[in-house]
Each structure stands twice: as C-alpha cells, then as structure tokens.
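Working notes, structure below.
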Amino acid sequence: MGDLLGSRVAALVLTSLVACAQESVSWRDPSKHQVQFVAVEDGVRLEVLDWGGTGRPVVLLAGYLTAHVYDDFAAKLSETCHVYGITRRGYGASSRPDSGYTAQRSADDVLQVLDSLKLTAPVLVGHSFGGQDLTTLGAGHPERIAGLVYLNSAEDPTLVFSDYGVEQVDSKKLPAAMRNPPPPDYKSFQAYRDWQMRTHGVAFPESELRNLFVSNPDGTMGRYMPPKNVRDAMFAGVQKPDYARIRVPVLAFFASPRSLEDQMQRYKPQDAAERAAMKQQYAIDLAIRKRHMRDLQSGVPAARVIELPGASPYIFLSNEADVLRELRAFVAGLH
Numbered sequence: 057m058g059d060l061l062g063s064r065v066a067a068l069v070l071t072s073l074v075a076c077a078q079e080s081v082s083w084r085d086p087s088k089h090q091v092q093f094v095a096v097e098d099g100v101r102l103e104v105l106d107w108g109g110t111g112r113p114v115v116l117l118a119g120y121l122t123a124h125v126y127d128d129f130a131a132k133l134s135e136t137c138h139v140y141g142i143t144r145r146g147y148g149a150s151s152r153p154d155s156g157y158t159a160q161r162s163a164d165d166v167l168q169v170l171d172s173l174k175l176t177a178p179v180l181v182g183h184s185f186g187g188q189d190l191t192t193l194g195a196g197h198p199e200r201i202a203g204l205v206y207l208n209s210a211e212d213p214t215l216v217f218s219d220y221g222v223e224q225v226d227s228k229k230l231p232a233a234m235r236n237p238p239p240p241d242y243k244s245f246q247a248y249r250d251w252q253m254r255t256h257g258v259a260f261p262e263s264e265l266r267n268l269f270v271s272n273p274d275g276t277m278g279r280y281m282p283p284k285n286v287r288d289a290m291f292a293g294v295q296k297p298d299y300a301r302i303r304v305p306v307l308a309f310f311a312s313p314r315s316l317e318d319q320m321q322r323y324k325p326q327d328a329a330e331r332a333a334m335k336q337q338y339a340i341d342l343a344i345r346k347r348h349m350r351d352l353q354s355g356v357p358a359a360r361v362i363e364l365p366g367a368s369p370y371i372f373l374s375n376e377a378d379v380l381r382e383l384r385a386f387v388a389g390l391h
C-alpha cells in the first residue's frame with residue numbers, strides 16, 4: 057500500500073513537472089524588444105523595453121498595465137521612431153516597494169529612466185494613468201521633452217460625478233447585456249484573449265497578460281499579480297491636472313462612445329424603460345468625454361485634439377492605424 061501511495065505521489069509530481077515544462081516550452085514572447093532594468097532609487101528598479109528603431113526617441117508609458125501592452129503597437133511605431141516603454145513601479149517585472157506612488161514620484165521615475173538611457177528630447181506617450189505622468193512632466197520639465205501624446209488619458213481623476221452636470225442612471229434599468237457581460241474565461245491565456253475580443257473588441261498581447269497574471273502549471277490563468285495596495289496608493293496620490301502650465305506641443309486622442317443607434321442594436325433594449333436608461337447612460341458618457349476635452353483645450357489651446365467615436369479606451373489597440381498615422385505626423389512636425 058505504501059509503495060502504491062508513493063508511486064501515485066511520484067506520478068503526480070512528474071505530471072506537474074511535465075505540465076510546467078510544457079507550459080514554459082509552449083510559449084515564448086514573440087516580441088523583438090530588448091529588456092533592461094533601470095534603478096530609480098535604492099532598491100527600486102523599473103523594467104524598460106526597447107523595440108529599437110531610428111529617429112526621435114518615443115517613450116511609451118502605461119497606466120495600470122505594463123509596457124508589454126504596447127508590444128504590437130510599438131513594433132509598428134519603431135519603423136519611424138526609436139521606441140521605448142516603461143513599466144511603472146508596482147507592476148510586472150518592476151519593483152513593488154511599499155511607497156513612492158505619488159504623481160511627482162512617478163514623474164521622477166520617468167526622468168530617472170530618461171537620464172539612464174541618455175535620451176534627448178523624447179516624445180512621451182501615455183495611456184490611462186500615464187496621462188498624469190505626461191501632465192506633471194510637461195508642466196515641470198518642458199526642457200527635457202519634445203512633446204506629449206495622450207492616449208485617451210487627458211482626464212481629471214479628482215472630478216466627481218456631480219462635476220459633469222448630468223443625472224445618474226439607474227443601472228438596474230439598463231439592458232441585461234450591459235449590466236451583466238459574459239464572465240472572463242481563465243482556461244488559458246488565449247481563451248482570455250478571445251473573451252476580451254468578444255466582449256470589448258480588443259485583446260491585450262499575451263505577453264501583457266503573462267505579466268499581470270500567474271501562469272498555472274496546467275496552462276490556466278492564475279491570480280492577478282499587482283498588489284491592491286499599489287493601485288490604492290496611486291489613486292490616493294492623484295493631482296488635478298494643470299494643463300495651462302504645459303509648455304510643449306500636445307497631441308491628444310479621446311475615445312468617445314459609439315452612436316446611440318449602434319448601442320441600441322448591440323444591446324437590444326426590451327422596453328421603453330431600458331431605452332430611456334440607455335439614452336441617459338449615453339448622455340453621461342458624452343458629458344464625461346466633453347468635460348475632459350474642454351479642460352485640456354482650455355489649458356492648451358494649441359493642442360491637436362482627435363476624437364475617435366466608438367474607439368475602445370485602449371485606443372492604440374482599437375484604432376491602431378489612426379493613432380500611428382497621427383503620432384508619426386506629430387513627431388515628424390517637431391523641431
């Protein structure tokens with residue numbers, strides 16, 4: 057009996073080892089980027105990706121993701137620029153210290169990387185929370201950068217709902233398809249990407265998902281790795297953007313909601329109450345977008361602002377060709 061139990065344990069261990077080996081062998085990051093780590097303070101190193109290329113340096117900043125989310129986009133951008141990406145502290149392979157998540161410290165981290173790489177007059181491109189880094193650096197260190205590109209990230213995180221001048225919607229009255237989207241599929245990284253595409257119309261590169269989630273031995277996706285306290289600390293350290301202090305050229309993309317007609321076709325409201333709720337939600341989405349656009353244009357009247365109806369919040373994924381075209385033209389026009 058003891059031998060049988062021992063054999064079963066050995067078999068389980070062997071099966072686990074084989075599964076781990078198969079998982080590690082079956083996937084290799086296809087991106088051509090080079091990886092290095094830059095020390096920004098004692099005990100804190102940031103992951104920096106280098107996709108190569110020639111021309112003016114462009115540095116991609118992520119928000120609550122890692123620089124790997126830009127893998128596909130950056131490879132195409134590198135045809136006309138030398139492209140880098142920074143994974144902020146607390147995420148991916150970068151260090152996860154207990155402190156240093158204020159807006160100013162985050163901007164200082166970016167400056168440390170620019171110094172380490174000896175980059176002169178780069179263009180900074182930020183998505184999501186990366187927009188706060190852009191505003192802080194554009195206002196505080198215009199002599200260090202050539203321009204800023206906001207990827208649906210020129211937002212004021214200090215605003216509350218009442219600042220947008222619209223009434224809240226009773227979410228219970230929205231169509232079920234809006235209230236209860238299909239749950240994520242964690243059976244594999246590809247299954248999760250397929251779910252993202254079906255539900256959101258875009259999917260992260262697999263390299264990004266593997267930097268956010270544990271890879272289980274059986275190929276399923278495990279726990280989400282970035283600590284909750286990191287995101288909480290980032291929210292606690294947000295500042296109201298002072299766009300008027302920016303002294304460099306600005307290009308800003310905004311994703312606006314799909315037309316109400318398109319949304320009606322997609323979510324198929326069943327009665328007048330659901331249609332009314334959808335109209336109110338659409339009005340809310342428009343008001344939020346228009347407020348953020350107005351704030352930026354008021355502070356930086358010369359900014360080139362591009363609104364892309366129906367784009368995903370991950371605008372560089374859903375509207376890659378539009379963003380690449382405008383970004384390349386913006387960089388080419390800088391002195």
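Numbering (this note's numbering), first residue to last: 57 to 391. In this text, a Cβ means the ideal position worked out from N, Cα and C, and glycines have one as well.
Assign residue i to buried or exposed, taking buried as 16 or more other Cβ atoms, counted over all protein chains shown, within 10 Å of its Cβ.
i: H391; result: exposed
i: N236; result: exposed
i: G221; result: exposed
i: P357; result: exposed
i: D154; result: exposed
i: A392; result: No answer is possible for residue 392: it lies beyond the span of the chain, which begins at 57 and ends at 391.
i: V181; result: buried
i: P86; result: exposed
i: Y140; result: buried
i: D98; result: exposed
i: S218; result: exposed
i: P325; result: buried
i: M290; result: buried
i: V205; result: buried
i: P178; result: buried
i: A329; result: exposed
i: G58; result: Its pLDDT being 42, under 50, G58 is placed unreliably in this model, and the value from its coordinates should be taken loosely. So G58 ends up on the exposed side.
i: A77; result: Any reading at A77 is ruled out, since the residue's pLDDT is 41, under 50, leaving its predicted position unreliable.
i: P365; result: exposed
i: G389; result: exposed
Give the secondary structure of residue i by DSSP, where H, G and I count as helix, E and B as strand, and everything else as coil.
i: R84; result: coil
i: P357; result: coil
i: A77; result: Residue placement at A77 is flagged as unreliable, the pLDDT there being 41, under the threshold of 50; the coordinate-derived value follows with that caveat. Correct three-state label for A77: helix.
i: P231; result: coil
i: P198; result: helix
i: L215; result: coil
i: L383; result: helix
i: Y370; result: coil
i: E223; result: coil
i: R101; result: strand
i: D189; result: helix
i: D241; result: coil
i: A210; result: coil
i: L352; result: helix
Closest by CA to residue i, which one among the options?
i: V96; options: Q246, L116, T143 and A233; result: T143
i: D226; options: L116, R331 and K88; result: R331
i: R384; options: A118, L133, L117 and Y120; result: L133
i: L265; options: R152, Y126 and V304; result: Y126
i: G156; options: G355, H89, V100 and Q246; result: V100
i: L167; options: A328, G194 and W83; result: G194
i: V361; options: R381, D378 and F309; result: F309
i: S271; options: D298, K243 and P297; result: K243
i: L307; options: G187, T158, W83 and A177; result: G187
i: V387; options: G119, L117, Y370 and A202; result: A202
i: M373; options: E223, H124 and V179; result: Looking at the sequence provided, one finds Leu at residue 373 rather than Met. The shortest C-alpha separation from L373 is found at H124.
i: S82; options: D274, P365 and Y370; result: D274
i: R303; options: E135, T191 and F129; result: T191
i: Y371; options: V258, D241 and L117; result: Here the sequence assigns Ile to residue 371, which means Tyr is not the residue at that position. Among V258, D241 and L117, the Cα nearest to that of I371 belongs to V258.
i: D392; options: E223, E199, V179 and D327; result: Residue 392 is absent from the model: the chain starts at 57 and stops at 391.
i: S354; options: R301, L380, Q92 and Q326; result: R301
i: L380; options: V114, R145, V94 and S87; result: V114
i: V94; options: A131, S87 and R145; result: R145
i: Q160; options: S209, F185, A177 and K228; result: F185
i: D282; options: L117, R249 and Y147; result: Note that residue 282 is Pro in the sequence shown, not Asp. It is Y147 whose Cα lies nearest to the Cα of P282.
i: E196; options: H348, G119 and D298; result: This sequence places Gly at residue 196; Glu is not what is there. Of the candidates H348, G119 and D298, the one whose C-alpha sits nearest the C-alpha of G196 is D298.
i: M320; options: L352, A377, R249 and M234; result: M234
Return the Cβ separation of residue i and residue j in integer angstroms, given the expectation that the two are a contact with Cβ distance under 8 Å.
i: M359; j: A311; result: In the sequence as displayed, the identity of residue 359 is Ala instead of Met. So it is not a contact: roughly 16 Å between Cβ atoms.
i: S150; j: L102; result: 5 Å
i: G111; j: H138; result: 6 Å
i: V286; j: R152; result: 7 Å
i: T122; j: N267; result: 5 Å
i: K335; j: L316; result: 7 Å
i: L189; j: K296; result: The question names Leu, yet the displayed sequence has Asp at residue 189. The pair is not a contact, with the Cβ atoms about 15 Å apart (cut-off 8 Å).
i: F269; j: R254; result: With 8 Å as the limit, F269 and R254 do not qualify as a contact, their Cβ atoms being about 19 Å apart.
i: W251; j: P261; result: No, W251 and P261 are not in contact; Cβ-Cβ is about 15 Å, not under 8 Å.
i: P313; j: N208; result: At roughly 12 Å, the Cβ-Cβ gap does not stay under 8 Å, so P313 and N208 are not in contact.
i: G108; j: H183; result: Wrong, their Cβ atoms sit about 21 Å apart, outside the cutoff.
Does the ligand ADP have even one heavy atom less than 7 Å from the beta-carbon of residue i?
i: R112; result: The ligand ADP is not among the ligands present in this structure, which contains no ligands whatsoever.
message: Which complete beta strand (DSSP E) runs does the segment 243-292 hold, if anything under 3 residues is left out?
response: 269-271 and 277-280
- prompt: If you scan the segment 118-186 from start to end, which runs of the alpha helix (DSSP H) of 4 or more residues do you find wholly inside it?
  reply: 127-133 and 159-173
Whole beta strand (DSSP E) elements within the segment 289-344, 3-residue minimum: 306-312
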